[in-house]
Every structure is written in C-alpha cells, then in structure tokens.
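Worksheet: one structure, shown below.
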Amino acid sequence: MLQVQFIREHKDEVLEGLKKRNISNAEEMIERVLSTDEVRRKSQVELDNVSAESNKLSKEIGLLFKSGEVRKATLVREKTSQLKEQKETLSKQKITAEKTLQQLLFQIPNIPHQSVPYGQSDEDNEEIFRCGTNPTLDESALPHWELAKKYNLISFELGTKITGAGFPVYTGKGAKLQRALINYFLDKNTTAGYEEVQVPHLVNEASGIGTGSLPDKERQMYHIEGDDLYLIPTAEVPVTNIFRGNLLKEKDLPLALTSYTPCFRREAGSYGAHVRGLNRLHQFDKVEIVRIEHPNRSYEALEEMIEHVKKILLELKLPFRILRLCGGDVTFASALTYDFEIFSAAQKRWLEVSSVSNFETFQSNRLKLRFKNGSGKSQLAHTLNGSALALPRIVAGILENYQTTKGIVIPEVLIPYTGFELIS
RNA sequence: GGAGAGGUGGCAGAGUGGUAAUGCAGCAGCCUGCUAAGCUGUCAUCCUUUUGGAUGCCCGGGUUCGAAUCCCGGUCUCUCCGCCA
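Residue numbers (the numbering used here): 30 to 453.
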C-alpha cells in the first residue's frame with residue numbers, strides 16, 4: 030500500500046507509474062484519494078479543536094470538584110454536552126473518511142520501478158538473459174505427463190479421485206525426486222545465507238492483508254470458513270508476516286529466510302491445454318527466499334537474489350531465460366519483478382519457475398515493518414522475495430529435457446539427493 | 001473443551017476514575033583529557049508544522065464532564081484440569 034503522504038507529494042510520479050500499469054482511470058483514482066485525504070485532514074483538525082476545548086472543560090470540572098465548588102462545576106458540566114455531540118459527529122466524519130481512504134489505497138498498486146518497461150501483457154516482457162541450448166529431441170519425445178505415466182512417477186488420476194483436478198499424487202521415484210529437489214534447494218539457500226524456517230500453511234486475515242494477498246485477490250486463496258483462515262498461496266505470506274509490526278534495529282538488517290511449503294491456489298477460470306500435467310496446479314511445492322532490507326540496498330539485494338537463482342538453474346543444466354516484467358504484467362504489490370523461465374523441450378514452451386520481486390515499502394507499510402535508522406527515526410524497511418525454486422515445472426523440465434531412450438537421466442547435482450541416476 | 005490469571009512505548013516495568021511514573025537501549029546537543037560518567041532535550045501515531053493540539057495503554061462497544069483504570073462482547077498469551085498426535 031502506498032502512503033498517502035507519498036501520493037500527496039509525488040502525484041506526478043504516481044500517475045506516471047499507474048499509467049505504466051495501463052490503469053485507465055488513474056487520474057480519477059488519485060483525485061479521489063487526494064480529496065478524501067483532504068476531508069480526512071480537515072475533519073481531524075476540527076475534531077482536534079473541539080476535543081481540546083472539551084478536555085479543557087473537563088480539567089476545569091475536576092479542579093472545581095476538588096476545591097468543593099460543586100455549583101460552578103455543575104454549570105460547566107452543562108456546557109460540555111453540546112461539545113460532546115459535536116465531537117461525535119466529527120469523529121464519525123473522520124472515521125468515514127479514514128475508511129474510505131483506506132479502501133481507495135487498497136486498490137492502488139505499487140509504483141513500478143523506473144527500469145520496468147512499458148507494455149500490455151506478458152508478450153511485452155523484456156528478455157534480459159538467456160542461457161543454455163534448447164535440446165532437440167526426436168519425434169518420439171514425450172511431454173512430461175506422458176513420461177510421468179510411463180515411469181509411474183505421478184498420478185493425476187489418483188489426485189482427482191482423492192481431491193480433484195490439480196492435486197497430483199507423486200509416487201515412487203517421482204516422490205523421491207520431489208523430495209530430492211526440496212532438499213537440494215534448501216541446501217543451496219541456507220549455504221547462501223538464508224535461514225531455514227518452517228511456517229504455518231494456514232494464515233489469518235491480517236497476514237493476508239500484510240503481504241497484499243488480501244483483500245483484492247481473495248479469489249486466488251482457499252478460505253477456511255469455519256475458522257476464517259486462508260491456505261497460503263506461497264510461503265511469502267507466512268514468512269514475511271513473521272516480521273509484521275516489528276521495529277527492528279538497523280544492524281539487524283538484512284534478514285534473509287528460506288522456507289519450503291506447499292502452495293495452494295484456486296486458479297479459478299484457468300483451464301485448457303496449456304494447464305496440462307504439472308503446468309498449473311491447485312497444490313504444489315515451492316521453496317521460497319525472503320529478504321528484509323535497508324531501502325538503500327534493496328536493489329542490490331534483488332540482484333543477489335537473481336544471481337542466486339541463476340546459479341541453481343545453471344547447476345541443474347536447464348536452459349532458461351530471465352524476463353523483466355513489463356508494466357502490464359508486474360504483480361500488484363511489486364515494484365520490479367524478474368521471472369525465470371525454463372525451456373520445456375517436449376512441449377516446446379517456456380515455463381515460469383521463479384519470480385523474484387522487490388516490493389520496496391508496499392508490503393512493509395501494510396505490515397508496519399520498520400527499523401530505527403541512523404538518526405533514531407523509525408523508517409519502513411523494504412521486503413523482497415523470490416522462488417528458489419518452484420517444484421512442478423522444474424520436474425516437468427527435468428523429465429522432458431533429460432529423457433533418453435534408456436530413461437530419464439537425473440541431473441548430476443541431484444544424484445546425491447535422489448540416490449539414483451536414472452529413472453527407467 | 002472447563003477453570004483461573006493476564007495483555008501498558010524498542011525492551012523492562014509502575015499506575016485501580018482527574019488525563020501514561022521510572023529504568024535501560026536509541027538519537028541530538030552540552031560538558032568532561034582516558035572505549036566511561038554526567039546533564040539537557042528527543043524518543044508511539046496523526047494534524048498543524050512556529051508556539052501547539054489531538055489520538056494512543058490487545059480489539060470493538062458502553063457508562064462518565066472526564067476511562068489505561070469501571071461495565072459488556074471479542075481476541076490472544078500463560079497456568080491448572082480434561083482430551084490427544
């Protein structure tokens with residue numbers, strides 16, 4: 030959430046940012062924010078004045094009673110009833126304005142970083158890096174869902190039976206490969222300085238709001254009605270919320286955490302051929318990295334995260350590219366996002382396996398996540414996160430790209446984790 | 001699930017109707033010949049921004065001229081009992 034003060038003082042910058050996101054009614058939105066803010070401030074001033082007056086009288090009454098001047102005290106007391114009424118109306122006015130403002134602010138996305146390119150959709154994303162050669166498979170090459178069936182690695186049917194579409198069951202070496210990847214990712218992340226944490230997979234409303242998953246994207250999260258909890262769509266939500274409401278010391282920064290969790294997404298309305306197999310699921314596993322940074326070096330941190338994810342994909346020897354998301358594609362809360370896509374050779378398409386973002390103060394403002402800076406003032410920290418990495422599409426990529434006539438070859442770095450070299 | 005106790009600033013910790021003590025840490029300044037001590041201010045948020053004012057004691061209501069303090073509802077934590085992986 031942007032700070033009103035920021036919008037007030039950087040109106041043009043905000044408008045430019047919203048334009049980059051192709052928000053057509055940006056001017057109208059901002060005008061409404063500013064006018065509501067004005068109402069809010071005005072009613073606050075009025076309320077403050079009336080309250081000051083009534084406080085003064087209250088004090089007087091107290092003193093009069095103390096000195097035994099009961100009659101005088103009663104007289105003054107009569108005066109206060111009018112003020113009380115005024116106070117009530119003004120306070121209602123103020124609260125209404127505050128609530129309206131809050132709702133308006135909830136609807137305004139983060140301002141994209143200056144390096145974010147203009148664009149409408151994912152087609153306008155800017156490729157900034159490409160690595161590895163796409164393997165050329167022969168005619169008999171199979172997509173991963175066929176391979177999964179052939180080698181008994183994943184059963185989509187079983188998942189459908191137990192739960193529904195999009196909830197696969199991993200079996201035998203498929204399950205083992207999955208676990209190997211999780212351990213491998215966690216090891217890479219902890220070696221790079223991220224502290225491993227295990228967090229709840231259900232979160233409350235406040236946590237959802239804190240990271241920006243609520244209130245706008247309720248449709249993406251599964252909601253547990255009876256207890257009013259949400260299944261996490263990503264570890265980002267519980268992990269970042271560890272620090273909700275914290276006032277950190279400057280020397281505590283940066284904080285770096287990693288966590289493995291399953292992720293639950295409703296993905297309402299997305300069906301069809303390109304969501305086959307592991308391409309898009311309602312439940313999947315992911316290892317996430319999260320950082321809390323000093324604003325001065327959050328973009329440096331973002332670069333470090335990019336390099337880190339890059340290194341992992343290079344080790345796995347999967348062909349990949351990095352995209353800088355354009356204004357039309359960058360997510361609501363993010364200022365700058367880089368997507369990593371691997372090339373899935375049998376499907377002949379790119380699959381997103383990681384998304385690394387800097388949210389600047391957008392989340393920390395909601396979270397009230399601050400630190401005491403050098404001059405003793407509290408200041409909002411920057412939050413960042415990224416996948417390192419999402420499992421299913423990595424599995425898809427390995428199955429497809431590493432398929433041979435003998436079977437599926439396990440990438441070398443994973444062999445210590447799987448305990449086998451070949452799936453046949 | 002039942003019973004009891006409790007939730008106060010970054011932290012510690014007073015305050016049981018008269019408007020948030022005190023200590024530690026932090027920040028700024030002053031002073032002082034020794035990595036220290038002392039003094040002053042600052043030290044939650046918002047508005048005005050110059051003096052100032054308002055709000056804020058887990059959340060939401062209520063009583064009162066006035067609520068951290070009293071009443072009602074909720075929530076979380078701790079202790080005990082019960083149940084249990």
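Where is the CB? At the ideal position from N, CA and C, for every residue including glycine.
All figures in this text were calculated on a predicted structure; none of them were measured in a lab.
Please report the residue range of the alpha helix (DSSP H) in which residue i lies.
i	result
Tyr180	Premise fails: Tyr180 is in no alpha helix (DSSP H) and is neither H nor E.
Ile427	Leu420 to Asn430
Tyr446	Ile444 to Thr447
Val266	Glu265 to Asn270
For residue i, does the three-state DSSP call read helix, strand or coil?
i	result
Glu389	strand
Thr290	strand
Gly232	Residue identity differs from the one stated: residue 232 is Val in this sequence, not Gly. Note: Val232 maps to strand in three-state DSSP.
Gly97	coil
Asn139	coil
Phe35	helix
Leu91	At residue 91 the sequence reads Gly, which differs from the Leu that was named. Looking at Gly91 - three-state DSSP - the assignment turns out to be helix.
Gly237	helix
Arg399	strand
Ala417	strand
Lys406	coil
Thr412	strand
Leu282	coil
Leu243	coil
Ile452	strand
Ile437	strand
Met30	coil
Ile59	helix
Ile335	helix
Glu296	coil
Asn54	coil
Ser72	helix
Arg273	coil
Val105	helix
Asp145	The displayed chain sequence assigns Val, not Asp, to residue 145. Correct three-state label for Val145: coil.
Give me the residue from the options with the minimum Cα distance to residue i.
i	options	result
Lys121	Arg69, Asp41 and Gly255	Arg69
Ile271	Pro197, Gly239 and Glu370	Gly239
Met334	His142, Leu365, Pro440 and Thr109	Leu365
Gly10	Asp281, Gly306 and Asn54	This structure does not reach residue 10, given that the chain is present from 30 up to 453, and the question cannot be answered.
Val226	Leu130, Pro197, Thr287 and Leu112	Thr287
Leu276	Ile124, Lys406 and Met58	Lys406
Gln73	Ile124, Phe94 and Ser453	Ile124
Lys116	Gln376, Phe388, Glu75 and Ala330	Glu75
Asn139	Asp167, Ala375, Glu67 and Glu42	Glu42
Ala221	Arg320, Phe391 and Lys401	Arg320
Leu420	Ser96, Lys339, Val316 and Val438	Val316
Asp314	Phe369, Leu215 and Leu47	Leu215
Thr165	Gln432, Arg273, Ser242 and Gly91	Gln432
Glu56	Glu127, Ala126 and Leu133	Leu133
Pro229	His252, Gln111, Thr290 and Asp257	Thr290
Gly46	Phe349, Gly356, Ile423 and Ala102	Gly356
Gly195	Gly241, Gly201, Ala204 and Ile183	Ile183
Ile351	Lys179, His303 and Tyr367	Tyr367
Leu451	Asn154, Asn233 and Leu206	Leu206
Taking the beta strand (DSSP E) that residue i belongs to, which residues open and close that run?
i	result
Gly46	Careful: Gly46 lies outside any beta strand (DSSP E), inside the alpha helix (DSSP H) at Lys40 to Lys49.
His303	Premise fails: His303 is in no beta strand (DSSP E) and is neither H nor E.
Lys278	Leu276 to Lys278
Tyr251	From DSSP, Tyr251 is part of no beta strand (DSSP E); its letter is neither H nor E.
Tyr259	Leu258 to Leu260
Tell me whether the region 136-147 and the region 78-85 touch, counting them as touching only if at least three CB pairs, one residue from each stretch, are closer than 8 Å. Under the three-pair Cβ rule at 8 Å, the region 136-147 does not count as touching the region 78-85.
Check whether the region 394-413 touches the region 371-384, taking contact to mean three or more Cβ pairs, one atom from each stretch, closer than 8 Å. Flag = no, the region 394-413 and the region 371-384 do not touch.
What are the uninterrupted segments assigned as beta strand (DSSP E) that are 3 or more residues long and contained completely in the region 338-392, given in chain order? Every unbroken stretch of the beta strand (DSSP E) spanning 3 or more residues and falling wholly within the region 338-392 is given here in chain order: 349-353, 365-373 and 378-389.
Counting only runs that start and end within the region 304-328, where is the beta strand (DSSP E) found for 3 or more residues in a row? Counting only runs of 3 or more, we get 312-322.
Ignoring anything shorter than 4 residues or poking outside the region 149-232, list the alpha helix (DSSP H) runs there in chain order. Complete alpha helix (DSSP H) runs here, min 4: 173-179, 185-191 and 202-220.
Touch check for the region 254-263 and the region 319-338: three-plus C-beta pairs under 8 Å? Judged by Cβ distances under 8 Å, the region 254-263 makes no contact with the region 319-338, as fewer than three pairs qualify.
Touch test, the region 210-227 against the region 402-414, Cβ-Cβ under 8 Å, three pairs minimum: Contact between the region 210-227 and the region 402-414 is absent, because fewer than three Cβ pairs lie under 8 Å.
Does the region 344-352 come close enough to the region 438-449 to have 3 or more Cβ pairs within less than 8 Å? Yes, since at least three Cβ pairs between the region 344-352 and the region 438-449 fall closer than 8 Å, the two stretches touch.
Do the region 163-176 and the region 367-379 meet, that is, are 3 or more Cβ pairs less than 8 Å apart? With a cut-off of 8 Å, the region 367-379 and the region 163-176 count as touching, because enough Cβ pairs lie within range.
Mind pulling the beta strand (DSSP E) runs of 3 or more residues that sit fully within the region 108-136? Listed in chain order, there is nothing to give.
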